[in-house]
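Protein sequence lines, in the order shown, are assigned to chains G and E. Read in the working numbering, the first sequence has 384 at position 28, and its numbers run on one by one without any break. Read in the working numbering, the second sequence has 636 at position 85, and its numbers run on one by one without any break. For glycine and all other residues, C-beta sits at the position ideal for the given N, C-alpha and C.
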Amino acid sequence: MLIAAVALVGLFPAMYLWLYKLGVVGTLSCKIGGCEKVNTSPWAMFLGQPVALWGVAYYILLFAVALAGTSERFADDRRVSVALVTLTGWGVLFSAYLTYLELAVIHAVCQWCVVSAVLVVVMFALSVVELKANRK
Amino acid sequence: MASSNARASKKRFTILLIAIVAVGAAALGYVAMRPKGGGGEAIDPNMPLGTAQGFLMGSPDAPVKIVEFADFECPACAQFAMLAEPDIRERLVKTGVASIEFFVFPLPSHPNSWPASNAAYCANEQGKFWEMHDRLFYTQDLWNTQSTSNPGKKMKGYAADIGLDADKFEECFDSRRHYPNIKASGAEAEKRGINETPSFIIGGKKYAGSLPYDEIKKLVDAELVRVGKTDTTAKGAK
């Protein structure tokens, strides 16, 4: 349940950055500077689409899987826990790559990307705990 | 008993999800409805179109023409101007391999880009477009929309710094006579399918983003090969 709630929280910063890329949102609200520099850099695109859009799709997928895991039908199904660990594990790796780009290549940090990275790490930890609990 | 506990837990979970969606949607709605840029001067949407003008650096006969569309308030454009452009000027423009033609393209999210473009156009009247161009990009964080609602004050200071006739500059800046030309420059960018800044056209192809010098050099070399001027690279461009 908690993973679904965290995924839903994460969806909004991703949507905010995506709306910025679409031009719906003007200047990004950024307390620690660098949000626009990061989001207008060439690395803000991945496989031809804005990274923010990939983020939106990722959080929707994660929310759907986590929500499915809360239903009675999948309550004891280990496959959901494995899928969550896999998805969040991938999220941690991708967030680490993006953080590396921010620090070492772009030389700017986007606070919304940091929020997303923290949420992904939290979800990964929760997924691992849930998977272990499901083993018993 | 267990079943009623599960039902209560499910109910709390549903309320939590609804609360998250409500808060998130309200926050997104607020930022989407907020005036873009949170300030800046009003631009008349019915302003007539002037003439789109590119500002040239280098020989008009250079074999490769790099056309740049940039927004003075865009951080990636400033990054390009500060990191890649000095090398491009030194190694490609000064050696006669390429020229740079700069078009302003103020984005709606950067209201202070209009007065900045205006300052560059007014500096051009006194033959110092590139000096103002550099000054604006190197000091972007001091006059951007997040820093000030009165960027004109800063820009008038820059005019004095780079040796412009202050009275002439101020008259030009305050008259806003170049605004229709700035609008035309943006329209030219849109006509060419440019939708982000900085963007470049080299050899008829579009490239978006703050490209590093090495990337620009590769594109210029490829264009030299295409136009059959490969011997030009031997003049010193590395």
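- Just so you know, the alpha carbons of E/N695 and E/A621 end up roughly 15 Å apart.
- In the assembly as shown, G/Q405 is an exposed residue. Its beta-carbon has fewer than 16 other beta-carbons within 10 Å.
- With contact defined as three or more Cβ pairs closer than 8 Å, the segment 476–483 of chain G and the segment 556–573 of chain E are not in contact.
- G/V381 sits in coil when the DSSP states are folded into three classes, being neither helix nor strand.
- Contacts with chain E at 7 Å (Cβ-Cβ) include G/T396.
- Rounded to whole angstroms, the gap between the alpha carbons of E/H661 and E/C625 is 7 Å.
- A distance below 6 Å between beta-carbons, with the five flanking residues on each side excluded, links E/G703 to the following residues of its chain, in chain order: P666.
- Remark: three or more beta-carbon pairs, one from each stretch, lie closer than 8 Å, so the segment 653–660 of chain E and the segment 599–611 of chain E are flagged as touching.
- Around G/E392, the beta-carbon contacts reaching into chain E at under 7 Å are P626.
- When CB distances to chain G are screened at a threshold of 7 Å, the residues of the segment 754–772 of chain E falling below it are G760, S761, in chain order.
- Between G/V477 and G/V436, the CB-CB gap reaches or exceeds 7 Å.
- For the segment 566–635 of chain E, the continuous alpha helix (DSSP H) assignments of 4+ residues that do not extend past its boundaries occur at 626–630, in sequence order.
- Nearest C-alpha to E/A740 among E/L658, E/D612, E/H729: E/L658.
- With the criterion set as a beta carbon lying under 9 Å from some beta carbon of chain G, the members of the segment 570–584 of chain E are I571, V572, V574, G575, A576, A578, L579, V582, A583, in sequence order.
- Around G/L364, the beta-carbon contacts reaching into chain E at under 8 Å are L568, I571, V572, G575.
- Between G/T444 and G/A473, the C-beta gap is not smaller than 7 Å, which leaves the two residues out of contact.
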